[in-house]
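**Student:** So that we are looking at the same thing, I have put the structure below in structure tokens.
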Ligand SMILES: Nc1ncnc2c1ncn2[C@@H]1O[C@H](COP(=O)(O)OP(=O)(O)O)[C@@H](O)[C@H]1O
Ligand SMILES: [Mg+2]
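Structure, rendered in structure tokens:
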């Protein structure tokens, strides 16, 4: 089994509930994402929140993004404080409630490009990141190559396929320098080949920095399990209104994290069955 250690808390949802009028959508959602360290490797975290349609995944996504406040409870994150005294200074961290803009947010089938070409959109994102000052063009070129969108840099958003729009949107968030990437249903509506590519790219992103944390909200259990280190299952408890996390699955402990051919493992199939059992 791969060696790893678990360190500081990066994100914590504490007793999070969401109520609209008298309708309870989410109740007492509690989970903690911790920094995972693998010796000699740059390795971020990949966490999935899965559940049936209508279970409140998108609502939880909105709460995690900071765009919406929970009715009660809190979501806190550990952030690198922007360096104040130039390069080379020590990193300072702060823990605080999540705010809009803390997370790179990738909505489901909805990408915000405005009236700009792909290149212009990416440039705007890059300019928001002080660490890229003077290197914006280079960074865009590198990401474009890595994500295979060089050909469409000068196109308008309407001239891109859904898969291309999604990749541009991911690059946009990476250029902004977000440590956390939050994705709602990133695998839906993709054909099988594109899906594999998106999974590969997201894993590549998670390997780009030790603190990079991907939170994937999805109803595609198999893909979520295949690429995550931890899976949380959103479901119902008998006699209680609204959804909550009904299961936490540590895929590292099961030897199912960071394995390319994980789908062939017996424990993989067993884990899928276990999840289906509590949906
Ligand atoms: N503004 C709102 N007012 C009342 N109910 C809402 C509102 N927005 C979403 N819901 C309800 O929240 C529930 C969860 O929706 P959603 O988070 O989109 O589910 P999922 O993403 O898991 O498919 C649904 O029953 C939906 O009708
Ligand atoms: Mg949804």
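In my numbering, the protein residues as written are -12 to 266. By construction, the Cβ of each residue, glycine as well, lies at the ideal position given by its N, Cα and C atoms. Keep in mind that this is a model prediction, so the values were computed, not measured.
1. How far does the alpha helix (DSSP H) with residue 0 in it reach, from first residue to last?
2. Please indicate yes or no: does the CB of residue 19 lie closer than 7 Å to some heavy atom of ligand 2?
3. Note down, one range per segment and in chain order, each alpha helix (DSSP H) of at least 4 residues found wholly within the stretch 77 to 129.
4. Could you please go through the chain and list the residues whose beta-carbon is closer than 5 Å to any non-hydrogen atom of ligand 1?
5. Please name the residue or residues paired with residue 163 in a DSSP beta bridge.
6. Can you give me the start and stop residues for the alpha helix (DSSP H) that residue 66 sits inside?
7. For ligand 2, I want to know if residue 207 counts as a neighbour, meaning its beta carbon is within less than 7 Å of at least one of the ligand's heavy atoms.
8. If we ignore side chains and look at the alpha-carbon of each, how far apart do residue 47 and residue 214 end up?
9. What whole-angstrom Cβ distance do residue 201 and residue 34 have, given they're in contact under 8 Å?
10. Residue 65 and residue -4 - do their beta-carbons sit closer together than 8 Å?
11. Any heavy atom of ligand 2 within a distance shorter than 7 Å of the CB on residue 171?
12. Using C-beta distances below 6 Å, list every residue in its chain close to residue 95, excluding the 5 sequence neighbours before and after it, in chain order.
13. Output the boundary residues of the alpha helix (DSSP H) element that contains residue 183.
14. To which residues of the same chain is residue 180 closer than 6 Å at the C-beta, ignoring the five residues directly before and after it?
15. Which residues does DSSP pair with residue 208 in a beta bridge?
16. Tell me residue 32's beta-bridge partners as DSSP assigns them.
17. DSSP has residue 54 in a bridge; who is on the other side?
18. Taking the alpha-carbon of residue 207 as reference, which of 44, -11, 136 has the nearest alpha-carbon?
19. Quick one: what does DSSP say residue 158 is sitting in, helix, strand or coil?
20. Under the DSSP definition of a beta bridge, which residues are partnered with residue 11?
**Tutor:** Concretely, from the data shown:
1. Unbroken run through residue 0 is the beta strand (DSSP E), -8 to 7; no alpha helix (DSSP H).
2. False, no ligand heavy atom lies under 7 Å from that Cβ.
3. The qualifying runs are 105 to 114.
4. In chain order, the qualifying residues are 7, 12, 40, 41, 42, 43, 44, 45, 46.
5. None, per the DSSP bridge assignment.
6. Segment 59 to 67 is the beta strand (DSSP E) holding residue 66; no alpha helix (DSSP H) there.
7. Flag unset: Cβ of residue 207 not near ligand 2.
8. Here the alpha carbons of residue 214 and residue 47 stand approximately 20 Å from one another.
9. Here residue 201 really is in contact with residue 34; their C-beta atoms are around 7 Å apart, less than 8 Å.
10. Cβ atoms of residue -4 and residue 65: closer than 8 Å.
11. Between ligand 2 and residue 171, a heavy atom-to-CB distance of less than 7 Å is present.
12. 171, 172.
13. Residue 183 -> alpha helix (DSSP H) spans 179 to 193.
14. Result list for residue 180: empty, nothing under 6 Å.
15. Residue 208 is not bridged to any residue.
16. In the DSSP assignment, the residues bridged to residue 32 are 200.
17. As far as DSSP is concerned, residue 54 takes part in no beta bridge.
18. Closest by alpha carbon: 44.
19. Collapsing the DSSP output to three states places residue 158 in a helix.
20. In DSSP, residue 11 forms a bridge with 6.
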